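Protein chains in written order, with the numbering used here: chain A, 522 to 602; chain B, 7 to 158. This report concerns only the one structure given below.
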């Protein structure tokens with residue numbers, strides 16, 4: 522399946538990528554992170570336990586499932602306001 | 007009345023307050039919160055602030071927070087305006103305005119909306135320092151604690 526992935530803020534700078542279309546067999550957001558980290562550095566260390574996940578523009582967790590055409594986003598803890 | 011705006015332009019709290027109150031004689035209270043850009047964070051000189059956000063999700067997240075406030079308190083109206091892009095010290099950055107029949111609902115809902123915005127709305131601040139360097143603002147655990155007070 523294909524998902525659209527977005528990266529924001531410090532995480533986007535670390536991996537030097539803001540968005541990409543990915544063909545993946547990952548069935549959850551956590552699995553997708555594992556696939557991305559397997560690319561090696563800088564991907565390996567860009568994701569940590571504080572990395573936040575959104576699926577189709579709603580906050581999500583690593584166990585939440587992915588479907589074809591989903592929009593997935595990864596970003597550091599938010600700092601607005 | 008519910009209003010969510012994410013914009014580069016400045017805002018006028020007085021005008022928004024008047025809009026929330028227009029034509030309503032049942033409103034007994036309006037609480038507004040305005041957040042400003044500080045020039046000091048962790049003892050460094052901050053010259054400017056750049057606010058990045060996640061277009062699309064930002065509006066959805068703010069709307070969900072306001073909807074949650076409306077479900078918890080008896081409100082007549084609620085508005086959130088958040089600025090993005092380049093900001094300078096002393097610039098206004100965020101405005102929350104809540105109206106209700108009695109002040110208790112407006113005070114609580116305004117604080118709730120800010121606490122949730124701080125931890126759930128996808129905005130990120132990057133500080134530009136006087137020496138030319140820049141750095142991303144770190145999330146504060148005190149903000150997490152403030153938001154956790156409202157969990158149920």
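Think of the CB as a built atom: it goes at the ideal place given N, C-alpha and C, for glycine as much as any other residue. Owing to the predicted nature of the structure, the values given are computational and were not obtained by experimental measurement.
Quick check: is the beta carbon of residue 580 of chain A nearer than 8 Å to any beta carbon in chain B?
yes
Based on Cα-Cα distance, which residue from B:75, B:62, B:89 and B:73 lies nearest to residue 594 of chain A?
B:62
Run through DSSP, which three-state label would residue 20 of chain B get?
helix
Buried or exposed for residue 131 of chain B, going by 16 or more other Cβ atoms inside 10 Å?
buried
Please classify residue 14 of chain B as buried or exposed, where buried requires at least 16 neighbouring CB atoms within 10 angstroms.
exposed
Taking residue 88 of chain B as the query, report the chain A residues whose CB atoms sit under 7 Å from its CB, ordered along the chain.
601
If the cut is a Cβ gap below 7 Å, which residues of chain A does residue 107 of chain B touch?
Those within 7 Å of residue 107 of chain B in chain A number zero; the least Cβ separation is about 27 Å.
Unbroken stretches of the beta strand (DSSP E), 3 residues or longer, contained in the region 61-95 of chain B:
81-89 and 91-93
For residue 104 of chain B, would you say it is in contact with chain A, using Cβ-to-Cβ distances shorter than 8 Å as the test?
no
Compile a chain-ordered list of the residues in the region 118-143 of chain B whose CB is closer than 8 Å to at least one CB of chain A.
120, 123, 124, 125, 126, 127, 128, 129, 130, 131, 132, 142 and 143
Run down chain A in chain order and give the residues with a C-beta less than 8 Å from the C-beta of residue 100 of chain B.
601 and 602
For chain A, find out if any of its Cβ atoms is closer than 8 Å to the Cβ of residue 60 of chain B; answer yes or no.
yes
If we count Cβ pairs, one from each stretch, closer than 8 Å, do we get three or more for the region 32-51 of chain B versus the region 99-109 of chain B?
yes
Chain A residues whose Cβ lies nearer than 8 Å to that of residue 91 of chain B:
Result: empty, since nearest Cβ-Cβ is about 13 Å, beyond 8 Å.
Checking contacts by CB at 8 Å: is residue 550 of chain A closer than that to chain B?
no
Closer than 8 Å to chain B by CB, residue 567 of chain A
no
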